[in-house]
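Step one of this worksheet: look at the structure below.
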Amino acid sequence: MDERLRETLSAMMDDEADELSVRRLLSHGNQDEIRAQWQRWQQVRDLMHESHFAPYSIDVAGAVREAIDGQAVPADSRRKARAVATSYWHWPVAAMVALALVVGFGAGAGWESQPGDVTDILAAAGIDEGGAAELTSAVEEVAWQRLDEDQLRQMRQYLLEHAQHNSVGAGGGSMGYARMVSANGGY
Amino acid sequence: MKFPVKNRLVMALRFVFLAVSFFMGASVAYSQAPEAPESEPVGQAMAWLERLGPALNMTSYEGVFVYARGDQVHSMRIAHRYRDGRVEERLVMQDGGSGEIVRKGMHVVCVLPDHGRIRLDEVIPSGPFAEAFTSQLMPFGQWYLPELIGEDRVAGYDVVTVALTAKDKHRYSHRLWLEKSTGLLVKSHVRDVDESVLEHFQFTSLNITDDIPDSEFDVQTQGREITRHLDAQKARQTPVGRMNGWTLNWQPEGFMPAAAPRSGKGKAVAFSDGLATFSVFVEPVKKLKMPTGASRIGATTVYMREVSVADRAFLVAVVGEIPPGTARKVADAVTIDSDVARGWPVSDH
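Listed in order, the protein sequences are those of chains A and B.
Quick note on numbering: the first sequence equals residues 1161 to 1347 in our numbering.
Quick note on numbering: the second sequence equals residues 133 to 481 in our numbering.
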């Protein structure tokens, strides 16, 4: 897919593509590729846009997606896709908070004072039988105590940003915020 | 026909009683939920899991939960009320620095410990990310085997226990305890292949009730207040921009790119399979050198490696609730576009 088509596709995501470009896109030879790309983006877009309290006024993109789907996707596979849609669930708020709390409260205290912990877990995992052990044993271990202050800081920054991503799944908002706030408290 | 006033009152009351008992009956019947046949633990487990999502938001409750990993235990008090389609929530940290977060619908107020060193503008995203995952379709059943494995009691409530056993070695297994009448998650484990518990969440006190006074949702901690309004319209961002400059050539089956809040200054992209999440960071190495390898805290792995592209050093970091082996494979699968590498702005951090 060339850059222009990608741009059109991207513009369609934002409901900003002009008709001509859309027509060109729809008449493009490799519809499978376009559809795959569209679905990937759409999936991510859905994530960000379809919040419960902010429905769109006009879902042009949705309609176009239907149009694109309609060209090549048989009706029954579309139905199947919808059936799958009903069986999703939300990642537990619970575990969301989890990480933040540890990033937060644990960051200052725990890591430095109980570095052995981390090493122990790694060591234990390495002894296991099976594929995971195989993977684990092949992974070089970095114990927290080997890190200097700046490195720890960087590590925490990553954990914090990851906690934010995780909070995306919190479903309940505050829980996600809780993780970040407590992460902040640990610095 | 005329009834004496008293009789009419009695009739009215009787009607009300009937109506109430009808609705109660209906709601009880509804809450008996899982329609799956008794003989099928997988179907039953799925039925319970389907209730979990709505239950998280639409159940009203208050209580204290603990979170433990390794030998660390932390606790937080929460009040959560669902009324007229709006979620109100207040969380108060119970140990360490004092702080609390109050959310009313889309409006969020945080009061934080004074000694915070991170600027909050960087930390708190402005997008409507909170509900983002929840509308995502996650056929997690493909990657985990859900099974109803028993009944138990947690924080005074009868619960069912659901095991979600990872079908491959790329993710951890989970165990969830759901309150029977509401489906609320009251306890959870993240488990390693050897069944050892890496992360543990649990309510220690819980009251599931619609009767939570308004005062429970007032900010009570003194301190610096930060207010945010979650605005859904702001989240106009395509994932394409985020992954500019690098490609992930492998990820464990089922992990899909997830919405990422834009406040982070890193080039992070999050992936989720509906249960577990990992984030991939790619950025040029500055003065700070990071060691190559994996570090673990509970179920969270941080795997870092340095790569050199077009004579520039980049740090690839994978952070997530995934086994170290998976994190390493993901990190190894990142390729940085050499053209982009040359022109990568030297701005972050």
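Glycine is no exception: its CB is placed at the ideal position from the N, C-alpha and C atoms.
**Report entry** Beta-carbon contacts of residue 218(B) that lie in its chain and below 8 Å, excluding the five residues immediately before and after
**Finding:** By one-based count along the second sequence, residue 218(B) stands at place 86. So the list reads 236 and 237, once near-sequence residues are dropped.
Requested in this report: Express the C-alpha separation of residue 377(B) and residue 400(B) in angstroms, rounding to a whole number.
Outcome: Along the second sequence, read from residue 1 onward, the residue named residue 400(B) stands at position 268. Along the second sequence, read from residue 1 onward, the residue named residue 377(B) stands at position 245. Looking at the two C-alpha atoms, the distance is approximately 12 Å.
Query - Contact list for the stretch 405–431 of chain B against chain A, Cβ threshold 7 Å - result: 406, 407, 409, 411, 413, 420, 422, 423, 424, 425, 426, 427, 428, 429 and 430
Query raised in the report: Hey, is residue 280(B) close to the ligand PLP, as in C-beta under 6 Å from one of its heavy atoms?
Result: With respect to the ligand PLP, the structure offers nothing, as it holds no ligand at all.
Report task. May I ask you to list the residues that DSSP assigns as paired with residue 452(B)? Result -> Reading the second sequence from its first residue, position 320 is the one you call residue 452(B). In the DSSP output, where bridge partners are listed per residue, residue 452(B) has 410(B) and 433(B).
Requested in this report: Please name the residues in the stretch 453–470 of chain B whose beta-carbon is closer than 9 Å to at least one beta-carbon of chain A, in chain order.
Outcome: 453, 455, 456, 457, 458, 459, 460 and 461
Query raised in the report: Is the Cβ of residue 1167(A) closer than 7 Å to any Cβ of chain B?
Result: Your numbering for residue 1167(A) matches position 7 in the first sequence. Not closer than 7 Å to any Cβ of chain B, the Cβ of residue 1167(A) fails to qualify, so no.
Query raised in the report: Just how far apart, CA to CA, sit residue 1311(A) and residue 172(B)?
Result: For the purposes of this step, residue 1311(A) is identified with residue 151 of the first sequence, where counting begins at 1. For the purposes of this step, residue 172(B) is identified with residue 40 of the second sequence, where counting begins at 1. Rounded to whole angstroms, residue 1311(A) to residue 172(B) spans 50 Å at the Cα level.
Requested in this report: Just confirm the distance between the C-beta atoms of residue 430(B) and residue 1322(A), as a whole number of angstroms; I'd bet it's less than 8 Å.
Outcome: Stepping through the second sequence from its first residue, residue 430(B) is reached at position 298. Stepping through the first sequence from its first residue, residue 1322(A) is reached at position 162. With 8 Å as the limit, residue 430(B) and residue 1322(A) do not qualify as a contact, their Cβ atoms being about 13 Å apart.
Query raised in the report: For residue 119(B), does the three-state DSSP call read helix, strand or coil?
Result: A query on residue 119(B) cannot be resolved here, the shown segment of chain B reaching from 133 to 481 and no further.
Query raised in the report: What does residue 1122(A) reach in chain B if we use C-beta pairs closer than 8 Å?
Result: Since the first and last residues shown for chain A are 1161 and 1347, residue 1122(A) lies out of range.
**Report entry** 8 Å Cβ cut-off: residues of chain A touching residue 449(B)
**Finding:** The count along the second sequence starts at 1 and reaches residue 449(B) at position 317. Per Cβ cutoff of 8 Å: 1318.
**Report entry** Identity of the residues DSSP links to residue 489(B) by a beta bridge
**Finding:** Shown here, chain B extends from 133 to 481; a query on residue 489(B) therefore has no answer.
**Report entry** Simplified DSSP state of residue 308(B), which is helix, strand or coil
**Finding:** Within the second sequence, numbered from 1, the residue matching residue 308(B) stands at position 176. Correct three-state label for residue 308(B): strand.
Query raised in the report: What is the DSSP secondary structure of residue 225(B), counted as helix, strand or coil?
Result: In the second sequence, counting from the first residue as 1, residue 225(B) sits at position 93. Residue state, collapsed to three classes: strand.
Requested in this report: Indicate whether the contact test is met: 3 or more Cβ pairs, each with one atom in the stretch 409–419 of chain B and one in the stretch 445–459 of chain B, closer than 8 Å.
Outcome: yes
**Report entry** Where residue 434(B) meets chain A, residues with beta-carbon distance less than 9 Å
**Finding:** Position 302 of the second sequence holds residue 434(B). Within 9 Å Cβ-Cβ: 1302, 1315, 1318, 1319 and 1322.
Requested in this report: Starting from the C-beta of residue 1252(A), find all residues in its chain whose C-beta is less than 6 Å away, skip the five residues before and the five after it, and write them out in chain order.
Outcome: Here residue 1252(A) corresponds to residue number 92 of the first sequence, with the count starting at 1. Per-residue confidence for residue 1252(A) stands at a pLDDT of 32, beneath the threshold of 50, marking its modelled position as unreliable; the derived number appears in the next sentence. Excluding residues within five positions, none has a Cβ falling inside 6 Å.
Query raised in the report: residue 196(B) by DSSP, collapsed to three states: which one?
Result: Counting from 1 along the second sequence, the entry for residue 196(B) is found at position 64. Of the three classes helix, strand and coil, the one that applies to residue 196(B) here is strand, per DSSP.
Query - Beta-carbon neighbours of residue 1362(A), restricted to chain B and to distances below 9 Å - result: This structure gives no information on residue 1362(A), because the portion of chain A shown stretches from 1161 to 1347.
Query raised in the report: Are residue 305(B) and residue 297(B) close, meaning C-beta to C-beta below 7 Å?
Result: Here the question's residue 305(B) lines up with position 173 in the second sequence. Here the question's residue 297(B) lines up with position 165 in the second sequence. Yes. Within cutoff.
Query raised in the report: Where do the ends of the alpha helix (DSSP H) carrying residue 474(B) lie?
Result: As a working note, residue 474(B) is residue 342 in the second sequence. That run of the alpha helix (DSSP H) goes 470–474.
Requested in this report: Using three-state DSSP, classify residue 354(B) as helix, strand or coil.
Outcome: Here residue 354(B) refers to the residue found at position 222 of the second sequence. It is coil, neither helix nor strand.
Query raised in the report: Sorted by chain position, which residues of the same chain lie with C-beta nearer than 6 Å to residue 434(B)'s C-beta, five sequence neighbours on each side aside?
Result: Here residue 434(B) refers to the residue found at position 302 of the second sequence. Taken in chain order, the residues that qualify are 427 and 451.
**Report entry** residue 407(B) vs residue 465(B) beta-carbon contact at 7 Å
**Finding:** Position 275 of the second sequence, counted from the start, is the residue given in the question as residue 407(B). Position 333 of the second sequence, counted from the start, is the residue given in the question as residue 465(B). Cβ atoms of residue 407(B) and residue 465(B): not closer than 7 Å.
Report task. Evaluate residue 207(B) with the Cβ neighbour count: other Cβ atoms within 10 Å of its Cβ, from every protein chain shown; 16 or more gives buried, anything less gives exposed. Result -> One-based indexing of the second sequence puts residue 207(B) at position 75. Buried is the call here.
Query raised in the report: CB-CB under 7 Å to residue 278(B), same chain, minus the five flanking residues each way: which ones, in chain order?
Result: Here the question's residue 278(B) lines up with position 146 in the second sequence. Once the five neighbours on either side are set aside, the close Cβ partners of residue 278(B) are 174, 177, 178, 181, 294 and 296.
Requested in this report: May I ask which residues mark the beginning and end of the beta strand (DSSP E) holding residue 336(B)?
Outcome: Here residue 336(B) is taken as the residue at index 204 of the second sequence, counted from 1. That run of the beta strand (DSSP E) goes 329–340.
Query raised in the report: Is the stretch 308–316 of chain B in contact with the stretch 459–473 of chain B, if contact means three or more CB pairs nearer than 8 Å?
Result: no
Report task. Figure out for me which residue from 329(B), 384(B) and 475(B) has the closest Cα to the Cα of residue 299(B). Result -> Here residue 299(B) corresponds to residue number 167 of the second sequence, with the count starting at 1. Ranking the options by Cα distance to residue 299(B), first place goes to 384(B).
Query raised in the report: Are there 16 or more other CB atoms within 10 angstroms of the CB of residue 347(B), so buried, or fewer, so exposed?
Result: Along the second sequence, one-based indexing puts residue 347(B) at 215. Residue 347(B) comes out exposed.
Query raised in the report: Can the beta-carbon of residue 339(B) be found closer than 7 Å to that of residue 221(B)?
Result: The sequence position of residue 339(B) within the second sequence is 207, counting from 1. The sequence position of residue 221(B) within the second sequence is 89, counting from 1. No, Cβ-Cβ distance for residue 339(B) and residue 221(B) is not below 7 Å.
**Report entry** Same chain, Cβ closer than 6 Å to residue 281(B), five either side skipped, listed in chain order
**Finding:** Locating residue 281(B) in the second sequence gives position 149, where the first residue counts as 1. Excluding sequence neighbours, residue 281(B) sits near 293 and 295.
Query - Distance between residue 441(B) and residue 472(B) (C-alpha atoms, nearest Å) - result: Residue 472(B) sits at position 340 when you count from the first residue of the second sequence. Residue 441(B) sits at position 309 when you count from the first residue of the second sequence. Those two C-alpha atoms are separated by around 10 Å.
Query raised in the report: Among 191(B), 227(B), 198(B) and 212(B), which has the Cα closest to the Cα of residue 345(B)?
Result: For the purposes of this step, residue 345(B) is taken as the residue at position 213 of the second sequence. Out of 191(B), 227(B), 198(B) and 212(B), 212(B) has the C-alpha closest to the C-alpha of residue 345(B).
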